[in-house]
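Colleague: Attaching a single structure in structure tokens format; questions to follow.
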Amino acid sequence: MSEDRSEEIAALLQEGLDAYGEDDVGRAIGAWRKVLAIDPSHAEALDFIQTADRRSVPREETAPERRTERARDDAWAEARRQIAAGELEEALELLSRSIEGASFSLEREATIELVRSTLFCDYRTTVGDLASVPVVIADPSELTQYNLPANAGFLLSLLDGVTDLESLVTVSGMDTFEALRTTRKLIDVGLVEMQAPAIEGAPLE
């Protein structure tokens, strides 16, 4: 093959690669087909075209993927119903399922943030100031009767009746929302109550 032809092939290969990098698959294939018109057995051009052809064909969703997407949509629909009914705790769980493994959805993400913000205010009303101290009020022998989630059990294990909630958030590594949410649940089931922080210098009873 002449040097001119080799240079032409090299230029066409590069043109195709540039187009492919710009997501212009049609122009890329066109450039590589020009290479085959010059050299029908050119291995690189054949390989590039096969790869581009596979990319240009839309991938068909499998049955499990379709079921997963339907489950997300069902969770989203039920979450919206629960939000309308004021059942925000339940809705938050379903909203999390509706975005798990899915592509970004501004509407769903914004709804989650709105629900979290509303719940955060509710938690602050129940739990009180972060300077308050959560105290275990249940008998330690009774704690095994509760089927506590891991985060609740972990937070409960940190309560010493002295450390305030703000410090516990730092020590536990939980974000403030989750710490308040977990504390609220512990209060609701009667395991914990909030007490005002001790005033420095005040006499102990």
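The numbering of the sequence shown is this note's numbering, which starts it at 1423 and goes up by one.
Ideal Cβ positions, reconstructed from N, Cα and C, are used throughout, including at glycine.
(1) Taking only runs that begin and end inside the stretch 1499-1565, name each unbroken alpha helix (DSSP H) of 4 or more residues, in chain order.
(2) With a threshold of 6 Å on Cβ separation, who are the neighbours of L1541 within its own chain once the five nearest residues in sequence on each side are excluded?
(3) For G1612, does the three-state DSSP call read helix, strand or coil?
(4) With 16 as the cutoff for other CB atoms within 10 Å, does T1604 come out buried or exposed?
(5) If you compare alpha carbons, which of L1613, T1585, K1607 and F1576 is closest to G1595?
(6) Mapping DSSP to helix, strand and coil, what is L1626?
(7) Anyone know if the C-beta pair for L1580 and V1591 falls short of 8 Å?
(8) Out of Y1568, K1456, V1557 and L1439, point me to the one whose CA is closest to T1585's CA.
(9) Taking E1500 and L1516 to be in contact with their CB atoms under 8 Å, please state how far apart those CB atoms are, rounded to whole angstroms.
(10) Considering only their Cβ atoms, is the gap separating A1574 from L1602 smaller than 8 Å?
(11) Find out if the Cβ-Cβ distance for the pair L1613, L1587 is shorter than 8 Å.
(12) Using the rule of at least 16 other Cβ atoms within 10 Å of the residue's Cβ for burial, across every protein chain shown, is T1533 buried or exposed?
(13) Could you tell me the alpha carbon to alpha carbon distance between A1497 and I1521, rounded to whole angstroms?
(14) Are L1390 and A1453 close, meaning C-beta to C-beta below 8 Å?
(15) Excluding sequence positions up to five away, which residues of its chain have a Cβ less than 8 Å from the Cβ of Q1504?
Modeller: Considering the structure as presented:
(1) You should have 1510-1521 and 1528-1549.
(2) Counting from one through the sequence shown, the residue named residue 1541 turns up at place 119. The answer, listed in chain order, is L1510.
(3) The residue labelled residue 1612 in the question sits at position 190 within the sequence shown. Three-state DSSP puts G1612 in coil, outside helix and strand.
(4) For the purposes of this step, residue 1604 is identified with residue 182 of the sequence shown, where counting begins at 1. Burial call: buried.
(5) Numbered from its first residue, the sequence shown carries residue 1595 at position 173. Minimum Cα distance to G1595 is reached at F1576.
(6) Start at 1 with the first residue of the sequence shown, and residue 1626 comes out as number 204. Note that L1626 scores 44 on pLDDT, short of 50, meaning its location in the model is unreliable; the coordinates nonetheless yield the value given after this. In the three-state DSSP reduction, L1626 falls in the coil class, being neither helix nor strand.
(7) In the sequence shown, the residue the question calls residue 1580 occupies position 158. In the sequence shown, the residue the question calls residue 1591 occupies position 169. Not a contact, by the Cβ cut-off of 8 Å.
(8) For the purposes of this step, residue 1585 is identified with residue 163 of the sequence shown, where counting begins at 1. T1585 has its Cα closest to that of V1557, out of Y1568, K1456, V1557 and L1439.
(9) Residue mapping note: residue 1500 aligns to position 78 of the sequence shown, counting from 1. Residue mapping note: residue 1516 aligns to position 94 of the sequence shown, counting from 1. Sure, about 5 Å apart at Cβ, within 8 Å.
(10) Against the sequence shown, residue 1602 aligns to sequence position 180. Against the sequence shown, residue 1574 aligns to sequence position 152. For L1602 and A1574, no; Cβs fall outside 8 Å.
(11) Your numbering for residue 1613 matches position 191 in the sequence shown. Your numbering for residue 1587 matches position 165 in the sequence shown. Cβ atoms of L1613 and L1587: not closer than 8 Å.
(12) In the sequence shown, counting from the first residue as 1, residue 1533 sits at position 111. Buried, since its Cβ has 16 or more Cβ neighbours within 10 Å.
(13) Here the question's residue 1497 lines up with position 75 in the sequence shown. Here the question's residue 1521 lines up with position 99 in the sequence shown. Roughly 9 Å between the two C-alpha positions.
(14) Residue 1390 is absent from the model: the chain starts at 1423 and stops at 1627.
(15) Along the sequence shown, one-based indexing puts residue 1504 at 82. Taken in chain order, the residues that qualify are L1510, E1512, A1513 and L1516.
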